[in-house]
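Quick notes on the structure that follows.
2 protein chains.
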Amino acid sequence: MIVTIIGLGLIGGSLAISLKEKGLTTHRIGVDLSAENRQKALALHLIDEASTDLAAAVRRADLVVVAVPMDAMLTVLPQVLDLVEQQVVIDVGSTKSMLLARVAGHTKRGRFVAVHPMAGTEYSGPEAAVSELFDDKTLVICDADQSDADAVTRVEALFSLLNMRIEYLDAAAHDLHTAYVSHISHITSFALALTVLEKEKEEQQIFALASGGFASTVRLAKSSPDMWVPIFRQNRVNVLDVLDEHIKQLQHLRQLIDEEDFSAVHQQIRQANLISKILK
Amino acid sequence: MIVTIIGLGLIGGSLAISLKEKGLTTHRIGVDLSAENRQKALALHLIDEASTDLAAAVRRADLVVVAVPMDAMLTVLPQVLDLVEQQVVIDVGSTKSMLLARVAGHTKRGRFVAVHPMAGTEYSGPEAAVSELFDDKTLVICDADQSDADAVTRVEALFSLLNMRIEYLDAAAHDLHTAYVSHISHITSFALALTVLEKEKEEQQIFALASGGFASTVRLAKSSPDMWVPIFRQNRVNVLDVLDEHIKQLQHLRQLIDEEDFSAVHQQIRQANLISKILK
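These protein sequence lines are chains G and V, in that order.
Here the first sequence stands for residues 1 to 280, numbered as in this note's numbering.
Here the second sequence stands for residues 1001 to 1280, numbered as in this note's numbering.
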């Protein structure tokens, strides 16, 4: 299977590695606007060939993976579908409603399967690509009924072989749930970093005192704005909704601490502890 | 060296393991109000002997470690100092101002060295104790000038042998900086867990979709209220101050997203990214 990967970053690159390692591809063509990224991807053996000819790269492929930031995705995906015959096309994007509206009614809509691998790190670019990023994680397939059955079957088989669990959601539900369990984590992490950078002028003290707990909650604050701003833009309504709830929860805790109602704080923490029943 | 450890939880237990592994103790006496914790600590080989006789356990020790939650600390530490002759006593508490005020002027104040190992996990109890918890972490010694020089020297030597970096702060500065880099992380994590538990009624979706990023930011929400409520109580003023700043940052991001001022969001995220210069 020849795979063309458009966008040689964390997700595109990691997928390129994983497909190769599992013996699922014979040839990987990489397309990226950045010459530096193409060079890096070749040097890191993420791809077998770099191309600047999108049409030829799509034409030669059996599978086309579009792994660009969500703002570019809105233009690149329709472009790719314009070029497609019987190839299967997937995106790997973090928001779906706006994207799927953009390609609704496209004559090649059936060849496209909208997927979101729930996996990532705070790093970006070809050098961030890692083996086994997708192992034991969830792949969400959105609006599967809009895709040709053979294309869905092929995508299911492929990601199952990457050891992913497959879930099915419609685009609206996907965008709602990812606002809860992914987008809000990034916003709180960015805000936490800004808080500490604002309040703690003695950087040496942050460095010396910060333990694993702080590093863990603030880790996502290293994430790329080029990736995340388009996600917040496209999932704005859900993100605002969850953010409102989160600010409300923080204000409630603040009020209880301010009023020294520590038995209520205790109760709130016990409630928060229930998250351990859900997460491992 | 005979070590008496009062409070056989995550920190007391981990210290017991580390001291033994480094060959720094010949005998470890464990004191805990909970018979179950004493039994577990014996079974897990965290201690060599369990005792319910605080006076005898302190009398026989060369080093006394008080590792109880901060509310109990306020009564246990003065009790221990009442029993002390020439032993060295350390706490391992997360807040210092209130505690040090409590023992100021005690005739044995000099035997006490206030330390805070900046290390922990979201788990608690004897079974949470792990080897190498303190390895390559920072130990803060507070108000070292209030302790006898020989006691400070001994504590410095001991924790250096556990491969900890030593920093010196006065109690007020300690409480301020830990509010920034430790206490606030826990509050945001509790609030995030409450947000998701409140908004996301379909627990199966949290479980299926939550990736590493969410798990990382919400990890601390598993932390024990029995440990954290006394910390928030004793460091209330600093915690409220940092919490106000954090809510302000979240409201600012919320406003920018609401107004669709995404170039400003981009700028904020780039600012937040600076945290990676400080943290590894």
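Each residue gets a CB set at the ideal place from its N, CA and C atoms; glycine is no exception.
- Item | Any chain V beta carbon closer than 8 Å to G:Glu167 | The count along the first sequence starts at 1 and reaches residue 167 of chain G at position 167. With 8 Å as the cut-off, G:Glu167 counts as an interface residue toward chain V.
- Query: Closest Cβ-Cβ distance between V:Pro1069 and chain G: below 8 Å?
  - Reply: If you number the second sequence from 1, residue 1069 of chain V lands on position 69. It does not; no Cβ of chain G falls within 8 Å.
- Message: Using C-beta distances below 6 Å, list every residue in its chain close to G:Val239, excluding the 5 sequence neighbours before and after it, in chain order.
- Response: On the first sequence, residue 239 of chain G is found 239 positions in, with the first residue counted as 1. If we look at G:Val239 and ignore the five residues flanking it on each side, its Cβ neighbours are Ala179, His183 and Phe232.
- Beta-bridge pairing of V:His1116 - partner residues as DSSP gives them: Translated into the one-based positions of the second sequence, residue 1116 of chain V becomes position 116. Answer by DSSP bridge pairing, in chain order: V:Val1140.
- If you follow the alpha helix (DSSP H) that G:Ile269 is part of, which residue opens it and which one closes it? Taking the first sequence and counting its residues from 1, one reaches residue 269 of chain G at position 269. Phe262 to Asn273 is the extent of the alpha helix (DSSP H) around G:Ile269.
- Message: Taking 8 Å as the threshold (C-beta atoms), are V:Leu1010 and V:Gly1125 in contact?
- Response: In the second sequence, counting from the first residue as 1, residue 1125 of chain V sits at position 125. In the second sequence, counting from the first residue as 1, residue 1010 of chain V sits at position 10. Yes, the Cβ-Cβ distance between V:Gly1125 and V:Leu1010 is below 8 Å.
- Message: What are the residues in the stretch 1114-1128 of chain V lying within 8 Å of chain G by C-beta distance?
- Response: So the close ones are Met1118, Ala1119, Gly1120, Thr1121 and Glu1122.
- Item | chain V residues whose Cβ lies nearer than 9 Å to that of G:Lys222 | Walking along the first sequence from the start, residue 222 of chain G turns up at place 222. Neighbours of G:Lys222 on chain V, chain order: Ala1272, Asn1273, Ile1275, Ser1276 and Leu1279.
- Query: Does DSSP put G:Gly27 in a helix, a strand or coil?
  - Reply: Start at 1 with the first residue of the first sequence, and residue 27 of chain G comes out as number 27. The sequence shown places His at residue 27 of chain G, rather than the Gly named in the question. Here G:His27 sits in strand by DSSP.
- Assigned exposure category for V:Gln1204 - 16 Cβ within 10 Å defines buried: Translated into the one-based positions of the second sequence, residue 1204 of chain V becomes position 204. Flag for V:Gln1204 reads exposed.
- Item | Proximity to G:Ala61 [Cα-Cα], best of G:Arg165, G:Val218 and G:Val31 | Stepping through the first sequence from its first residue, residue 61 of chain G is reached at position 61. Out of G:Arg165, G:Val218 and G:Val31, G:Val31 has the C-alpha closest to the C-alpha of G:Ala61.
- Query: Do the stretch 95-109 of chain G and the stretch 149-161 of chain G touch if we need at least three Cβ pairs shorter than 8 Å?
  - Reply: Counting C-beta pairs with one atom in each stretch, the stretch 95-109 of chain G and the stretch 149-161 of chain G have fewer than three that are closer than 8 Å, which means they do not touch.
- Message: Measuring CB atoms only, is the stretch 100-110 of chain G touching the stretch 239-252 of chain G, in the sense that at least three cross pairs come out at less than 8 Å?
- Response: Output reads no: the stretch 239-252 of chain G does not touch the stretch 100-110 of chain G.
- Message: In whole angstroms, give me the CA-to-CA distance for G:Phe112 and G:Ile90.
- Response: Your numbering for residue 112 of chain G matches position 112 in the first sequence. Your numbering for residue 90 of chain G matches position 90 in the first sequence. G:Phe112 and G:Ile90: Cα-Cα distance of roughly 6 Å.
- Hey, out of G:Ser18, G:Leu194 and G:Ala67, whose CA is closest to G:Leu46's CA? Along the first sequence, one-based indexing puts residue 46 of chain G at 46. Among G:Ser18, G:Leu194 and G:Ala67, the Cα nearest to that of G:Leu46 belongs to G:Ser18.
- Under 8 Å between C-beta atoms of G:Phe134 and V:Ile1278: Here residue 134 of chain G is taken as the residue at index 134 of the first sequence, counted from 1. Here residue 1278 of chain V is taken as the residue at index 278 of the second sequence, counted from 1. No, Cβ-Cβ distance for G:Phe134 and V:Ile1278 is not below 8 Å.
- When the Cβ atoms of the stretch 1194-1204 of chain V are set against those of the stretch 1056-1072 of chain V, are three or more pairs found closer than 8 Å? Taking 8 Å as the limit for Cβ pairs, the verdict is that the stretch 1056-1072 of chain V does not touch the stretch 1194-1204 of chain V.
- Item | Distance CB(V:Asp1048)-CB(V:His1027) smaller than 8 Å | What you label residue 1048 of chain V is simply residue 48 of the second sequence in a count that begins at 1. What you label residue 1027 of chain V is simply residue 27 of the second sequence in a count that begins at 1. Cβ atoms of V:Asp1048 and V:His1027: closer than 8 Å.
- Query: Do G:Ser185 and V:Gly1023 have their CB atoms nearer than 8 Å?
  - Reply: As a position in the first sequence, residue 185 of chain G is number 185, starting the count at 1. As a position in the second sequence, residue 1023 of chain V is number 23, starting the count at 1. In this structure, V:Gly1023 does not lie closer than 8 Å to G:Ser185 by Cβ.
- Message: Any beta carbon from chain G within less than 8 Å of V:Lys1137's own beta carbon?
- Response: As a working mapping, residue 1137 of chain V is identified with position 137 in the second sequence. When Cβ-Cβ separations below 8 Å define contact, V:Lys1137 makes contact with chain G.
- Leaving out five residues on either side along the sequence, give the residues of the same chain with a beta carbon under 7 Å from the beta carbon of V:Glu1175. In the second sequence, residue 1175 of chain V corresponds to position 175, counting from 1. Looking at the sequence shown, residue 1175 of chain V is not Glu but Asp. Excluding five sequence positions before and after V:Asp1175, the CB atoms of its chain that fall closer than 7 Å to its own CB belong to Thr1095, Lys1096, Ser1097, Asn1235 and Asn1238, given in chain order.
- Query: Hey, how far is the Cα of V:Val1181 from the Cα of G:Leu192?
  - Reply: Taking the first residue of the second sequence as position 1, residue 1181 of chain V is located at position 181. Taking the first residue of the first sequence as position 1, residue 192 of chain G is located at position 192. A straight-line Cα-Cα distance of about 9 Å links V:Val1181 and G:Leu192.
- Buried/exposed call for V:Glu1245, threshold 16 Cβ in 10 Å: Reading the second sequence from its first residue, position 245 is the one you call residue 1245 of chain V. Of the other Cβ atoms in all chains shown, 16 or more fall within 10 Å of the Cβ of V:Glu1245; this residue is therefore buried.
- If you scan the stretch 1130-1215 of chain V from start to end, which runs of the alpha helix (DSSP H) of 4 or more residues do you find wholly inside it? DSSP runs (the alpha helix (DSSP H)) wholly in the stretch 1130-1215 of chain V: 1149-1161, 1171-1178, 1184-1199 and 1203-1209.
- Query: Are any of the Cβ atoms in chain V nearer than 8 Å to that of G:Glu21?
  - Reply: Looking up residue 21 of chain G in the first sequence gives position 21. For G:Glu21, the nearest beta carbon of chain V is not closer than 8 Å to its own beta carbon.
- Residue span of the alpha helix (DSSP H) that contains V:Thr1075, given as start and end: On the second sequence, residue 1075 of chain V is found 75 positions in, with the first residue counted as 1. Element bounds for V:Thr1075: Met1070 to Leu1083.
- Message: I want to verify the contact list: residues of chain G whose CB lies under 9 Å from the CB of V:Lys1096, in sequence order.
- Response: Position 96 of the second sequence holds residue 1096 of chain V. Neighbours of V:Lys1096 across chain G, judged by C-beta separation under 9 Å, do not exist; the nearest C-beta is about 13 Å away.
- Going by other Cβ atoms of all chains shown within 10 Å of its Cβ, with 16 needed for buried, is V:Thr1217 buried or exposed? Here residue 1217 of chain V refers to the residue found at position 217 of the second sequence. It is buried - the Cβ of V:Thr1217 has at least 16 other Cβ atoms within 10 Å.
- Query: In chain order, what residues of the same chain lie with their CB nearer than 7 Å to the CB of V:Gly1007, ignoring the 5 residues before and after it?
  - Reply: What you label residue 1007 of chain V is simply residue 7 of the second sequence in a count that begins at 1. If you ignore the 5 residues before and after V:Gly1007, its C-beta comes within less than 7 Å of the C-beta of Asp1032, Val1066, Ala1067 and Val1068, all in its own chain and listed in chain order.
- Buried or exposed for G:Ser131, please, with buried defined as at least 16 other CB atoms from any protein chain shown within 10 angstroms of its CB. As a position in the first sequence, residue 131 of chain G is number 131, starting the count at 1. Looking at its Cβ environment, which holds fewer than 16 other Cβ atoms inside 10 Å, G:Ser131 is exposed.
- Query: At which residues does the beta strand (DSSP E) containing V:Ser1097 begin and terminate?
  - Reply: Along the second sequence, one-based indexing puts residue 1097 of chain V at 97. If you look at V:Ser1097, you'll find it isn't in any beta strand (DSSP E); it sits in the alpha helix (DSSP H) that goes Ser1097 to Val1103.
- Message: I'd like the span of the alpha helix (DSSP H) that includes V:Ile1047, first residue to last.
- Response: In the second sequence, residue 1047 of chain V corresponds to position 47, counting from 1. Segment: none, V:Ile1047 is in no alpha helix (DSSP H) and carries neither H nor E.
- Query: Are any of the Cβ atoms in chain G nearer than 8 Å to that of V:Arg1109?
  - Reply: On the second sequence, position 109 is the one that residue 1109 of chain V refers to. No, because no Cβ of chain G sits closer than 8 Å to the Cβ of V:Arg1109.
- Query: Taking just the CA atoms, how far does V:Ser1160 sit from V:Ala1144?
  - Reply: Residue 1144 of chain V sits at position 144 when you count from the first residue of the second sequence. Residue 1160 of chain V sits at position 160 when you count from the first residue of the second sequence. C-alpha separation (whole angstroms): 16 Å.
- Is the CB of G:Gln86 under 8 Å away from at least one CB in chain V? Position 86 of the first sequence, counted from the start, is the residue given in the question as residue 86 of chain G. Output row for G:Gln86: interface = no.
- Task: With distances taken Cα to Cα, identify the nearest neighbour of V:Asp1258 among G:Val229, G:Val115 and G:Gln251.
- Result: Taking the second sequence and counting its residues from 1, the one referred to as residue 1258 of chain V is at position 258. Nearest to V:Asp1258 by alpha-carbon distance, out of G:Val229, G:Val115 and G:Gln251, is G:Val229.
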